[in-house]
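One gets our numbering by counting positions in the sequence shown from 1 and adding 455 to each.
Even glycine gets a Cβ: it sits at the ideal position worked out from N, Cα and C.
In what follows, a single structure is set out as structure tokens and then discussed.
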Amino acid sequence: MGISFRCRIRQNMDNEGGGWQAPVNAKNGVDGMVEEFVGKNSVWETTKVDPAVRRKLQLIKDLQGAQKRGEMHIAYQPKINPYKQQIVGMEALVRWEHPVYGRISPDEFIPFAERTGTIIPLGSWVIRMACLQLKKWHSAGHSQLHMAINLSAYQLQVEGFVENVSQILQELELSANFLQFEVTESADIYYNQIGIKRLHELKRLGIQIYMDDFGIGYSALSCLQRMPVDGIKIDRALTKQLGKDSVYQMMKAMIQLAQGLRLKVVVEGVDSDEKMSILKKWHVHEVQGFLFSQPFPPDELTQLLDQIGGDEG
Ligand code: C2E
Ligand code: MG
Ligand code: MG
Numbered sequence: 456m457g458i459s460f461r462c463r464i465r466q467n468m469d470n471e472g473g474g475w476q477a478p479v480n481a482k483n484g485v486d487g488m489v490e491e492f493v494g495k496n497s498v499w500e501t502t503k504v505d506p507a508v509r510r511k512l513q514l515i516k517d518l519q520g521a522q523k524r525g526e527m528h529i530a531y532q533p534k535i536n537p538y539k540q541q542i543v544g545m546e547a548l549v550r551w552e553h554p555v556y557g558r559i560s561p562d563e564f565i566p567f568a569e570r571t572g573t574i575i576p577l578g579s580w581v582i583r584m585a586c587l588q589l590k591k592w593h594s595a596g597h598s599q600l601h602m603a604i605n606l607s608a609y610q611l612q613v614e615g616f617v618e619n620v621s622q623i624l625q626e627l628e629l630s631a632n633f634l635q636f637e638v639t640e641s642a643d644i645y646y647n648q649i650g651i652k653r654l655h656e657l658k659r660l661g662i663q664i665y666m667d668d669f670g671i672g673y674s675a676l677s678c679l680q681r682m683p684v685d686g687i688k689i690d691r692a693l694t695k696q697l698g699k700d701s702v703y704q705m706m707k708a709m710i711q712l713a714q715g716l717r718l719k720v721v722v723e724g725v726d727s728d729e730k731m732s733i734l735k736k737w738h739v740h741e742v743q744g745f746l747f748s749q750p751f752p753p754d755e756l757t758q759l760l761d762q763i764g765g766d767e768g
């Protein structure tokens, strides 16, 4: 599916985003995307269309309002201090339970949400819910836990984004130091002055910025210098192949480089004790992966935190 992720964003008065003006992808939107697949004025719902294409079209259409219909949930995956073997934070990962197609991976629907503008209200809902959950965990005694939230580059284009994040933190009396935003090293942020400016503003509030999915895609090492990041998160696709000598050497060099730039290194996709030992030897800051825990609904993690305890400082 050849989707271009370029989108021109304009502001409108849609307030669905919980208080800020949601930009809408005017050119593409839902209709634009549907048109791209099956042509203008198509009646794809009633005519013969390839089932895979029909599914995509249905998802694009149903994504609008899915959160309001209660189909979106947030799972949380623990982030671990590998030396103390303690939970130090959580990453919020959105889940969509489609009434017909069942669970849809965010890898599949986030690109649609970005393309249609739905990412703006959805992303703001994720931020609010994740901050609320963090507040609950803090109040329950896990007061040093931090929350990592994935941010789409498009969210950074919204006028008032930083102010609204700040307002949520104030409302909940949460310190910005407990919040991390994970952004991907896409060209959109790299070359977009507004995105970079907003990242600086978020950092000034005290929020930490991590570059997610590091090591795949663009991987422009020079962007580490240009972007205001506190750390990198090495992608699970690399960790998966850590047993291969070439990948081992590459990851080792990446980690050394990041540490040389005084950046924190988080490694995701850690699924074995062998990998954990290697990463400890390389002094990585935090790890995440199925070895320790999959993403779970918050209640299950509350039980885990109560049983084994988080990092209480
Ligand atoms: P990500 O931020 O890189 O998140 C890590 C993904 O790796 C998650 O997939 C997680 O379930 C998976 N994972 C964690 N540990 C392991 C492991 O040991 N082995 C394997 N095989 N996988 C592991 P998930 O939840 O399907 O999310 C996929 C991507 O969707 C995320 O990648 C993130 O880029 C995006 N995403 C999720 N939630 C949001 C959101 O609220 N907003 C935005 N903009 N993107 C989101
Ligand atoms: Mg992430
Ligand atoms: Mg990642």
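**OP:** Could you tell me how far apart the beta carbons of S607 and I559 are, in whole angstroms, since I believe they sit closer than 8 Å?
**Re:** So it is not a contact: roughly 17 Å between Cβ atoms.
**OP:** Return the chain-ordered ranges of every beta strand (DSSP E) run that is complete within the region 689-725 and spans a minimum of 3 residues.
**Re:** 719-722
**OP:** Would you kindly report the start and end of the unbroken alpha helix (DSSP H) that includes R509?
**Re:** Unbroken alpha helix (DSSP H) run through R509: 506-518.
**OP:** Please classify F633: does DSSP put it in a helix, a strand, or coil?
**Re:** helix
**OP:** Helix, strand or coil for M527, going by three-state DSSP, please let me know.
**Re:** strand
Subject >> Residues near V742 by beta carbon distance below 8 Å, same chain, minus five either side >> reply: K534, I535, P537, V721, V722, E723, V725, M731, L734
Original post:
Roughly how many angstroms separate the alpha carbons of R659 and Y556, rounded to a whole number?
Top reply: 42 Å
**OP:** Apply the 10 Å Cβ neighbour rule to Y665 and answer buried if 16 or more other Cβ atoms are within range, or exposed otherwise.
**Re:** It is buried - the Cβ of Y665 has at least 16 other Cβ atoms within 10 Å.
Original post:
Between the region 576-589 and the region 619-638, are three or more C-beta pairs nearer than 8 Å?
Top reply: yes
Original post:
Can you list every residue whose CB sits closer than 5 Å to some heavy atom of ligand 2, going in chain order?
Top reply: Qualifying residues come out as N605, E637, D667.
Subject >> Span of the beta strand (DSSP E), counted from its first residue to its last, around F669 >> reply: For F669, the enclosing beta strand (DSSP E) has its first and last residue at 663-669.
**OP:** Provide the residue span of the alpha helix (DSSP H) that contains H655, from first to last.
**Re:** 648-660
**OP:** Assign K482 to one of three DSSP states: helix, strand, or coil.
**Re:** Residue placement at K482 is flagged as unreliable, the pLDDT there being 45, under the threshold of 50; the coordinate-derived value follows with that caveat. Coil.
Original post:
Comparing the CB of L548 with every heavy atom of ligand 1, is any distance shorter than 7 Å?
Top reply: Checking the Cβ of L548 against ligand 1 gives yes.
Subject >> Local Cβ density within 10 Å of S677, reported as buried at 16 or more and exposed below that >> reply: exposed
Original post:
According to DSSP, what are the bridge partners of W551?
Top reply: M527, I559
Original post:
Which term fits R511, buried or exposed, when burial requires 16 or more other beta carbons within 10 angstroms of its beta carbon?
Top reply: Per the sequence presented here, residue 511 reads as Lys, with Arg not at that position. It is buried - the Cβ of K511 has at least 16 other Cβ atoms within 10 Å.
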